[in-house]
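Beneath this line is the structure, given in structure tokens, with notes to follow.
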Amino acid sequence: MTTLSALDARLHQLGIDLPPATKPVANFVHCVQSGNLLFVSGQIPSYGEEIRHVGKVGREISAAEAREAARLCALNVLAQARAFLGGLDQIRRVCQVQVFVNAAPEFADHPVVANGASDLLVEIFGSAGAHARFAVGAGSLPLNVAVEVAAVLEIE
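Residues in the sequence shown are numbered from 1161 upward in steps of one, following the working numbering.
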């Protein structure tokens, strides 16, 4: 009988299923470890091979939908970390979250969008999920997705 790790149990309690980790589609890796830091490459709002939340925020995509896209991106960050580490219990804290918003020039609610990722990480990790962050508008993102999220995690 397999027992759940503490973090897997927390995800189950919250009703959160991580998407499957995907393979890189270009010349990069999803995770790089340097000492006790894990750098997770930018993740898009996909579930497996299905790309979700496509379009320009402030035009085709609302701030509320973009917030959900950021949440899904953060789930993909954790899926990549789990695939790299073999589990999530090695994560000690979330250090930094980087949020890129495929925004129309007149869109100015980038922090609202970024809260989709930030709120999820605090919900899962508690105070260890509180992090430094930036949220910036981008003229475009890969595959025209609404949001991309990267992170730096402290691990043991």
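A virtual CB, placed ideally from N, CA and C, is assigned to each residue, including glycine.
Bridge partners of F1260 according to DSSP: V1296 and E1308.
Distance check between G1208 and each of E1228, A1290 and A1239 places A1239 closest, using alpha-carbon atoms only.
According to DSSP, residue pairing for C1191 in a beta bridge involves V1200. The distance from the Cβ of R1252 to that of E1314 is about 5 Å, consistent with a contact at the 8 Å cut-off. Annotation for R1227: the continuous alpha helix (DSSP H) segment containing it runs A1223 to L1245.
Selection K1216, K1183 and I1204 evaluated against A1310 yields I1204 as nearest (Cα-Cα). Between the segment 1167 to 1184 and the segment 1266 to 1285, the count of C-beta pairs closer than 8 Å reaches three or more; the two stretches touch. With respect to the 8 Å criterion, V1273 and V1307 are classified as neighbours on the basis of their beta carbons. The Cβ-Cβ distance between V1254 and G1276 does not fall below 8 Å. Here DSSP, grouped into helix, strand and coil, assigns E1283 to helix. By alpha-carbon distance to S1222, the top candidate from N1262, A1186 and H1190 is N1262.
In the displayed model, L1167 falls within a helix according to three-state DSSP.
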